[in-house]
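Per our numbering, the sequence shown starts with residue 16, numbered consecutively.
Only one structure is covered here, and it is reproduced in the block below.
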Amino acid sequence: MKFATRLSLATLLASATGLASAQTVLTVASFKDLDRSVQAAIPLYKKVHPEVEIKLVALGYGDHHNAMTTALATGANLPDVMGIEIGFVAKFAEGGGVEDLSKPPYNALQYKDKFFRFTVAQATSRGGIFAAMPADIGPGALFYRKDLMDKAGVTEAQLTQSWASFIDAGKALKAKTGAYLIPHAAAIKDIVIRSGLKDGEGIYFDSKGRILVDSPRFVEAFETAKLARAAGIDAKVGAWSNEWSEGFKRGTIASEMMGSWLAGHLKNWIAPDSKGHWRSAGLPGGVNASYGGSFYAIPKGAKNKELAWDFVKFMTTSKEVQIAAFRELDAFPALVEATTDPFVDQPMDFLGGQKARQAWKATAAKIPATEVDKLDPVAAEVVSAEFDKVLEQDKDVKTALADAKKAIERRVRR
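The structure is reproduced here in structure tokens:
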């Protein structure tokens with residue numbers, strides 16, 4: 016999913032910011048695969064603004080965000096429009112390097128009711144800065160191999176009813192087919208820590224910045240995932256590793272919990288030969304969660320802010336543009352209006368004719384508008400490290416979470 020290139024951002028942007036004769040150049044920096052949405056939109060934008068040349072600079076996920084972090088810190092090699100993944104929005108917002116789109120001349124909050132509610136919260140820092148406009152989302156889903164479940168006598172209801180029934184289903188699957196139910200027990204931990212949240216609450220921090228990682232929600236997440244490991248239902252392989260993709264190709268891993276976009280990855284490059292065997296269901300225990308999401312921001316040092324804002328609005332509030340990305344790339348729209356397109360109701364051949372997009376839309380409408388914090392990635396890293404100690408070293412759960420809280424407190428004070 017994350018590709019890399021050896022070309023430097025400075026080299027790419029230097030070539031992109033030269034003026035074309037009688038044209039204004041707008042530089043858009045993006046990451047794979049969000050850049051494909053920009054590519055799809057350029058012909059549509061040229062119809063409205065033939066005088067504008069769009070220069071798209073695309074790097075791998077990690078390279079792009081590292082380059083944008085450096086560019087915002089130094090003020091050098093800044094694009095006019097910046098694509099950002101959800102994990103970096105709060106960091107860039109609170110770093111002060113991007114425009115607050117809630118303020119004039121943008122007044123972007125006039126569009127907030129057009130988007131799924133949780134996306135607006137994701138784009139807003141704790142300090143109230145509306146840093147970016149939402150483009151696409153990843154409603155959480157459980158993808159599972161129906162053929163393998165049928166062999167094991169496991170039903171979808173057993174997979175989704177509760178975590179206890181999910182783990183029991185995994186035992187039956189392993190006993191009858193030899194396949195693991197999930198790649199790694201961490202997937203369960205990541206979902207349970209998002210369960211029971213309400214609008215305005217945070218995952219790792221509350222509204223006053225207090226650390227929540229030793230709360231009952233995290234205890235339950237660690238304990239449940241620990242039970243899954245003890246039951247032998249996870250393959251102990253990390254997401255996006257070679258072993259992970261091979262497990263799906265060979266049918267030795269029978270399910271995964273991720274955003275709706277995983278269906279496209281399974282179909283296009285991970286396991287194309289498994290067409291018709293996969294199905295999509297809600298997450299176990301009725302949890303509604305978001306996985307990933309893409310946004311567009313405008314750096315404070317951008318040279319063409321007026322045109323940049325016009326392009327950002329075009330990418331995010333235009334029903335035509337959002338539907339084009341939806342139909343061509345299966346990028347689930349953040350714009351609610353775009354999900355009224357008949358494409359939502361079309362059967363998906365890869366998922367055995369299932370009309371899965373209807374369910375993803377319903378999930379998106381129920382995802383809570385949780386607060387984000389610039390230190391969320393730090394907290395997530397610390398919690399994951401302590402979780403590994405619970406699984407691999409049999410560390411006591413409450414001790415691990417207490418240590419996680421102390422580690423985060425040290426990072427916060429720096």
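Note that the Cβ used here is the ideal one computed from N, Cα and C, for glycine as well.
How far does the alpha helix (DSSP H) with residue i in it reach, from first residue to last?
i    : result
Y159 : From DSSP, Y159 is part of no alpha helix (DSSP H) but of the beta strand (DSSP E) over M148 to R160.
G307 : No alpha helix (DSSP H) contains G307, which is instead part of the beta strand (DSSP E) from S305 to A312.
R232 : P231 to A245
R132 : R132 to Q137
Q408 : D391 to Q408
W259 : N257 to R265
A172 : E171 to T175
E321 : K320 to T332
L416 : V412 to R428
G279 : L277 to H280
Based on DSSP bridge pairs, tell me the residues matched to residue i.
i    : result
S270 : Y159
F46  : L74
Q369 : M363
D249 : I197
A294 : Reading off the sequence, residue 294 comes out as Arg, not Ala. For R294, which the question treats as bridged, DSSP gives the partners Y159.
G217 : E386
L188 : DSSP output for L188 lists no bridge partner at all.
P348 : D151
F145 : T139
T39  : V67
I226 : F220
V104 : Bridge partners of V104: none, in fact.
V336 : Note: V336 sits in no beta bridge, so no partner.
V53  : Note: V53 sits in no beta bridge, so no partner.
Measuring straight from C-alpha to C-alpha, what distance separates residue i and residue j?
i    : j    : result
S399 : K389 : 17 Å
E171 : M164 : 8 Å
K166 : T192 : 7 Å
T42  : H64  : 15 Å
A82  : A88  : 10 Å
M16  : G224 : Low local confidence applies: a pLDDT of 36 at M16 is under 50, so the model's placement there is unreliable, with the coordinate-based value given in what follows. Cα-Cα distance, rounded: 32 Å.
D151 : L116 : 18 Å
V135 : A147 : 9 Å
T331 : E386 : 21 Å
F237 : F402 : 7 Å
P149 : G215 : 18 Å
K189 : D95  : 52 Å
P287 : F263 : 10 Å
K404 : R232 : 18 Å
Closer than 7 Å: is that where the CB of residue i sits relative to any heavy atom of the ligand NAD?
i    : result
G111 : Looking at this structure, you won't find the ligand NAD or any other ligand, since it has none at all.
Just to confirm my understanding: we take residue i, look at its own chain, exclude 5 residues before and 5 after, and list those with CB closer than 8 Å. What are they?
i    : result
H199 : D249, A250, K251, V252, G253 and A254
P120 : E321 and W324
Under DSSP, the beta strand (DSSP E) around residue i begins and ends at which residues?
i   : result
G98 : V96 to E100
Between residue i and the rest of its own chain, which residues show a CB-CB distance below 6 Å, the 5 nearest in sequence each way excluded?
i    : result
S210 : V302
W276 : G153
A296 : L157, E171 and T175
I203 : T239, A240 and A243
G291 : G367
A184 : V169, Q173 and L174
A394 : Y219 and I423
Counting C-beta neighbours from all protein chains within 10 Å, is the total for residue i 16 or more, i.e. buried, or is it exposed?
i    : result
A201 : buried
V122 : The question names Val, yet the displayed sequence has Asn at residue 122. Exposed, by the Cβ-count rule.
Q431 : Any answer about residue 431 is impossible in this case: the structure gives the chain only from 16 up to 429.
S36  : Because the pLDDT of S36 is 41, which lies under 50, any placement of that residue in the model is unreliable, and the question is left without a value.
T414 : exposed
T85  : exposed
D409 : exposed
R294 : buried
P450 : Not covered by the structure: residue 450. The range shown for the chain is 16 to 429.
F66  : Looking at the sequence itself, residue 66 is Glu, so the reference to Phe does not match. Per the 10 Å Cβ criterion, exposed.
S222 : exposed
L124 : exposed
R160 : buried
Q337 : buried
Spatial neighbours of residue i within its chain, please: CB distance less than 7 Å, with the 5 preceding and 5 following residues excluded, ordered by chain position.
i    : result
D411 : none
I182 : L242, A243, A246 and I248
E258 : V252
A460 : The structure shown does not extend to residue 460, since the chain is modelled only from 16 through 429, so no value can be given for it.
G368 : P362
F107 : L87, I99, V113, A146 and A312
V234 : V412, K413 and L416
Can you find a C-beta in chain C that's less than 8 Å from the C-beta of residue i?
i    : result
F263 : This model lacks chain C altogether, as it is built from one protein chain only.
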